[in-house]
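Protein chains in written order, with our numbering: chain A, 1 to 290; chain B, 1001 to 1290; chain C, 2001 to 2290; chain D, 3001 to 3290.
We put the beta carbon where it would ideally sit given N, CA and C, even for glycine.
Please read all numbers here as calculations on a predicted model, not as lab measurements.
Since the structure comes first, as structure tokens, the remarks are kept for the end.
4 protein chains.
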Amino acid sequence: MMVQKHSGHYVLLASCPFQKRIAAKLTQFVYDLSSEIVDYDQYADIADNHFYCRMEWNPAAQNISDDEALTRFREEIAEPMNLRWNLRRNDRPLRLAVFVTRELAHLYALMMKCVSGLWDANIELIISNHPDLADEAARFNIPYHHLPIDKDNKAEQERRQLELLQDNEIELIVLSRYMQVVTEKIIAPYENRIINIHHSMLPAFSGAKPYHQAHARGVKLIGATSHYLTSQLDEGPIIAQEVKVVDHRKTVPALISLGRDLEANALARAVGLHINSRIIVSNGRTIVFD
Amino acid sequence: MMVQKHSGHYVLLASCPFQKRIAAKLTQFVYDLSSEIVDYDQYADIADNHFYCRMEWNPAAQNISDDEALTRFREEIAEPMNLRWNLRRNDRPLRLAVFVTRELAHLYALMMKCVSGLWDANIELIISNHPDLADEAARFNIPYHHLPIDKDNKAEQERRQLELLQDNEIELIVLSRYMQVVTEKIIAPYENRIINIHHSMLPAFSGAKPYHQAHARGVKLIGATSHYLTSQLDEGPIIAQEVKVVDHRKTVPALISLGRDLEANALARAVGLHINSRIIVSNGRTIVFD
Amino acid sequence: MMVQKHSGHYVLLASCPFQKRIAAKLTQFVYDLSSEIVDYDQYADIADNHFYCRMEWNPAAQNISDDEALTRFREEIAEPMNLRWNLRRNDRPLRLAVFVTRELAHLYALMMKCVSGLWDANIELIISNHPDLADEAARFNIPYHHLPIDKDNKAEQERRQLELLQDNEIELIVLSRYMQVVTEKIIAPYENRIINIHHSMLPAFSGAKPYHQAHARGVKLIGATSHYLTSQLDEGPIIAQEVKVVDHRKTVPALISLGRDLEANALARAVGLHINSRIIVSNGRTIVFD
Amino acid sequence: MMVQKHSGHYVLLASCPFQKRIAAKLTQFVYDLSSEIVDYDQYADIADNHFYCRMEWNPAAQNISDDEALTRFREEIAEPMNLRWNLRRNDRPLRLAVFVTRELAHLYALMMKCVSGLWDANIELIISNHPDLADEAARFNIPYHHLPIDKDNKAEQERRQLELLQDNEIELIVLSRYMQVVTEKIIAPYENRIINIHHSMLPAFSGAKPYHQAHARGVKLIGATSHYLTSQLDEGPIIAQEVKVVDHRKTVPALISLGRDLEANALARAVGLHINSRIIVSNGRTIVFD
């Protein structure tokens, strides 16, 4: 069943200390498999003496099995070159879990991309601390897990969340205006696989009610920031930012409304970049092959 | 000498608690002078129950003297309406002082506007804590005052600065990357008449080396903020902000270079808005009639 | 049934040649009804000697019937002032029809706003020349009318479209990437009530495959423009525009993908502005009270 | 005189059909000279099967003469790889000529960068069809050639322009709002070395008075485009674009003023990119290593 086995594309994200002939070795590896490179991008950070690349190839004519190819990659490329790497086979939709509270706009921005086939991804489940969006989940036939959280049950609910994530083989978690602190228990096993949206131009206005703060300062621009979640709240590697010009005529509700659109856009852009394997996290910042 | 006396335009900036017929009373006042309104803009902040307006008129056919007109305005309009107001007669260039250290880009952005006649303003003097830009001042025949500052002489030098500002009847001070803290001694007499530029999107990265901070966080946007100086450093009312998309490829020097252009633009925009009497400061924020 | 009768807000959009005391008369009218102004914005175009305003008020305590109020407005305000005006009572959702072909992204941007209650509007029906989006319409319980169009049946199908629009008392038509020319038969009865979306680039590429053209020219920005449809295709009054920075790395599919998001955003912004009665069309341009 | 001979940096811009080990061969060439790579960026256009790169290196420790290095590069790299390439030694300022008519803002944007040392370039001469800016040229000690153009003398004046350009060994021509058509006589010998600035709006207004047209259409964005001049007026490869949000409140003079700043910025950005050897022109579009 050659055809089925080698359907989809491979995407490699890799980084390593700068050394000679990296690009040559990586591309040669693909040519030796009789595969065809369909996209290649790299970035050499001369100051840090570090190399980053994204290589996408079509394995339709691959001349060995996937296992053999992988073994060869490890032995001939990754280990000798001291590569940090991530290889994804795009032969099935990525499995997403979305955490929500009450906000619909951000969830729809994600669902539209999945439903329309613009993303090769499915939302496998929605987890919420509130019941409000259950009907919308039902509309899209997505299992909705209402796990209310209070002071006493947080650890227990997180245990159940983790179970759901693992049982459903979730590959990416999206915090879509989930108004709860997610703890290390979830963050640790999903490092660089949890995307959060922050309702302002981080690092400005990192506290509560950022639009009220922005209005009080009379800012002339508002923004939204999507980032990978780390245990340092609002401090994780930034993926995408959106910004819009405003003036004094914008009331707080108008800022919130405008901000909601910016947030939904910045979140969807970040998730799309992750789904398409376009992000490497390195030293707390992202290299985005966009 | 009617013609000369009534040359130029008047610009009124005014604000007051919302009350009936404000706009009608203000415009009627101008009509009663036989003057012609050339621009009118207003903003009603319903939430704060406050009214703001900018009215510009041509007094060419004014039927009474300026003193009489002013007296009438005070008595019939300003006092009964409890107006906070500022009236400027644009019949001569506004008198600017620019404080610099070593950065030329921002100063040139200001000088170009003055030299070309795009602004109705002159740079009357340049004050610096360094000698570096003296030749450039000479190129434009602008007096350059080198007042080096160290721990011991700060108060004395500020006294001399203040003297220069007063002797030259300075109306607006521009801190054009002046790398010294300006104290209350200067700020108090020039409230809302000192414009500063901050090399980032305030309130983010308010400390030192903001471009290094921005690079380390891997931001996807950088910005610059111009604001009126208050004794709360970097906390004054924001006037104009500029922003630019960046990616991981931008090194710190590239960010600094891009940031310099944004800063120069944001500073020049703010100064231009002030020169054209387009800014009202109210409760720590600006109303900009742009 | 006072409460029901005077629920919702009123929004007045009005314009007229500049004359004395316009704002005073308009606001006084509302005060005389014992109603409360909740938003007021105006724009005086001095060059054209024209006045535009938007006034929103809460009629909860209105002291006369709606009919009486309307009559009084006509007689005392609109006629003597030679007002062009539009008054909307926001006491029920605005009735929308959406025309689509195959593109889902734009439709979802509209549906999300309706479903979530962010807009006070309902999509009453979807009309399409293709069957593709019928399932999505069903998901949202929106009647879907598949009216395929060919050379021979265009006039007949437009007659049926018009019938559907009238039978459903449609107040706003949204062309959501509807890939057919809409003729005067539909445009005339819905003047300034049909919103279209158009990709747009700098420079403009008016022919087919604009993103291919943009790629070939190596543009550094791509954009989208929403506008009211007129019989001059793509020449109607512009409502909202979106733009994004791109570089040579963006392939044609990447430009199309980015453009789709810009278009959906620009379309949704325009429709939202219309729904909230924030647009006056005057001399082929829009005054947007945003 | 090793030190002097190998001062400055080398910058190579190169493109070729995609082939194996391009990056490896290029970087190896530099290593073999005992030189140090200080910047490297590349772009592989998979769709066109084409490779582009920019490599910058420090020849301080170069172990052979420049002539030998160049010969070796030609024989071992450029010819066998079928490279289109451009190598610049940044050991002296690039020689610019600026063509102006009456607009000062754009010229100042260029002069500031040269005077301040931010660009490694000098304006060697200014050519104008008007005398207006002669005093400004004098202020900066730049020779100013007033060559008025009418129907009868155009060919003759272009001959003199060309003579001036050649006598002064000009490497880059900047059309800084030069309101004359430049013909093939100048364009041909300076292919991809003449940079022009063009206002540009969405949609494009190609005729006269574009800002009046933009105002009449009520555009919500205005922009500016810098590009290399080709014989197809305003159709040359785009280098940089700037855009700004506007609304109906902006009068035509306000649009012109804002547009002037955008144009000056877009022009200066383009010229800076060229001076730093960051642009490859290929098939009518630019690859910008920014």
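Under the three-state reduction of DSSP output, Pro3210/D falls in the helix class.
Contact annotation, Arg1285/B with Arg217/A: C-beta distance approximately 7 Å; criterion of less than 8 Å satisfied. Taking a Cβ-Cβ threshold of 7 Å, the residues of chain A close to Tyr3040/D are Ala44 and Ile46, in chain order. For Lys1220/B, a Cβ of chain A is located within less than 8 Å of the residue's own Cβ. Scanning its chain for C-beta atoms nearer than 6 Å, with the 5 sequence neighbours on each side dropped, one finds around Ile3037/D the residues Val3030 and Trp3057, in chain order.
Every beta strand (DSSP E) stretch that sits fully inside the region 70-109 of chain A and reaches 3 residues is listed by chain position as 84-89 and 94-100. Excluding the 5 residues flanking it on each side, Ile77/A has same chain C-beta neighbours closer than 8 Å at Lys25, Leu26, Phe29 and Leu83, in chain order. Taking a 10 Å sphere around the C-beta of Val2181/C, we find fewer than 16 other C-beta atoms and assign the residue as exposed. Here the alpha carbon of Asp2039/C sits roughly 32 Å from the alpha carbon of Gln3213/D. Take Arg3095/D, set aside five residues on each side of it, and the residues of its chain with a beta-carbon closer than 7 Å to its own are Asn3122, Glu3124, Asn3168, Glu3169, Ile3170 and Glu3171, in chain order. Residues of chain D with a Cβ closer than 8 Å to the Cβ of Gly2259/C do not exist; the shortest Cβ-Cβ separation is about 13 Å. Boundaries of the beta strand (DSSP E) around Gln1241/B: Ile1238 to Val1245.
Neighbours of Arg2021/C in chain B, taken as residues whose beta carbon is under 9 Å from its own, are Arg1021, Ala1023, Ala1024, Thr1027 and Gln1028 in chain order. Put simply, the region 2259-2279 of chain C does not touch the region 1006-1022 of chain B. Fewer than three CB pairs are less than 8 Å apart. Between Ile3127/D and Ala3097/D, the C-beta gap is smaller than 8 Å, which places the two residues in contact. Taking C-beta separations shorter than 7 Å and ignoring five residues to either side along the sequence, the partners of Phe2073/C in its chain run Phe2029, following chain order. Counted as a single uninterrupted DSSP element, the beta strand (DSSP E) harbouring Pro3017/D occupies residues Tyr3010 to Pro3017.
Look at the region 3048-3072 of chain D and you find these whole runs of alpha helix (DSSP H), each 4 residues long or longer: 3066-3072. Boundaries for Ala3121/D: no alpha helix (DSSP H) harbours it, while the beta strand (DSSP E) harbouring it runs Ala3121 to Ser3128, taken from the DSSP string.
Look at Thr71/A: its C-beta is not under 8 Å from any C-beta on chain B. Straight-line spacing of the CA atoms in Ile3222/D and Arg177/A works out to 34 Å. Scanning Gln3042/D, Ile3280/D, Asn3129/D and Arg3260/D for the CA closest to the CA of Phe3099/D turns up Asn3129/D. Taking 3 residues as the shortest admissible run, the region 3139-3193 of chain D contains the following complete beta strand (DSSP E) segments, listed from N- to C-terminal end: 3144-3146 and 3172-3176. Taking a 10 Å sphere around the C-beta of Arg3092/D, we find fewer than 16 other C-beta atoms and assign the residue as exposed. Rounded to the nearest whole angstrom, the C-alpha separation of Ile1022/B and Tyr1043/B is 12 Å. Contact of Thr2251/C with chain D is assigned, a C-beta pair being separated by under 8 Å. Leaving aside the five residues that flank Pro3237/D on each side, the residues in its chain whose CB is nearer than 7 Å to its CB run, in chain order, His3227, Tyr3228, Val3281, Gly3284, Arg3285 and Thr3286. Look at Val1271/B: its C-beta is not under 8 Å from any C-beta on chain A. Taking 8 Å as the Cβ-Cβ cut-off, the region 3228-3256 of chain D approaches chain A at Val3245, given in chain order.
By the Cβ neighbour-count rule, Glu163/A is exposed, with fewer than 16 other Cβ atoms within 10 Å of its own. The alpha-carbon separation between Ala3061/D and Asp3032/D amounts to approximately 11 Å. In this structure, Leu3165/D and Ile3195/D do not form a Cβ contact; the two beta carbons are roughly 14 Å apart against a cut-off of 8 Å.
Assignment of Arg2278/C by DSSP, reduced to helix, strand and coil, places it in the coil class. Against chain B, the CB of Met3179/D has no partner CB under 8 Å away; the residue lies outside that interface.
Pairing Ile2275/C with Lys244/A, the inter-Cα distance amounts to about 21 Å. The distance from the Cβ of Ser277/A to that of Val115/A is about 21 Å, inconsistent with a contact at the 8 Å cut-off.
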